[in-house]
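**Student:**
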Amino acid sequence: DYGPFGFVEQYEPLWSPFTSDAERKFGFERQPVAAQAVVEDEYPQLLRAELGAMHAAKLGLATWDQASRRRAARSRALAEAMAEREGEWAAWLKAYASRIAAEGAARPIASPIGTDKGRQPERSWRVEQPE
2 DYGPFGFVEQ YEPLWSPFTS DAERKFGFER QPVAAQAVVE DEYPQLLRAE
52 LGAMHAAKLG LATWDQASRR RAARSRALAE AMAEREGEWA AWLKAYASRI
102 AAEGAARPIA SPIGTDKGRQ PERSWRVEQP E
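Residues 2 to 132 (the numbering used here) are what the sequence shown spells out, left to right.
(1) With distances taken from CA atoms, which of Met83, Arg71, Val39 and Phe29 is nearest Tyr12?
(2) Could you check how far apart the C-beta atoms of Arg31 and Leu15 are, in whole angstroms? I think they sit under 8 Å.
(3) Once you ignore the five residues that flank Phe27 on each side, which residues in its own chain have a CB closer than 8 Å to its CB?
(4) Quick check on the DSSP output: the alpha helix (DSSP H) that includes Tyr44 runs from which residue to which?
(5) What three-state label does DSSP hand Leu94 in the structure shown?
(6) Look at the Cβ atom of Trp65, then the Cβ atom of Ala57, and state whether they are nearer than 7 Å.
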């Protein structure tokens, strides 16, 4: 199948059937370069928009605006700093846990599973009486 232009008499890497392509920008050998240019031009904006929507959805936000991006940048910087100083972070957590244990928490931070709201509600098919 030679496509809509019939046949190619000889192989010419930059040949283009388009008479308007005097610079041969759309020749066969240049198709990967053309695709790369499109990706380089359009992909960054698309990626930014899609990642923003994903971050907003994960955080329960309706939009992902400039303030959200600044907060995310600060969070990443904090995470990187914690990764660089993992030993110091672990030591701080141990000291904090010791302090909480020594003070004896006045109230539990979270209720244990099985109490409070841990029980499954009755399903309607179990509650309704058969007719």
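Ideal placement from N, C-alpha and C gives every residue a C-beta, glycine not left out.
**Tutor:** Well, looking at it:
(1) Phe29
(2) 7 Å
(3) Ser17, Phe19 and Ala35
(4) Gln32 to Leu60
(5) helix
(6) yes
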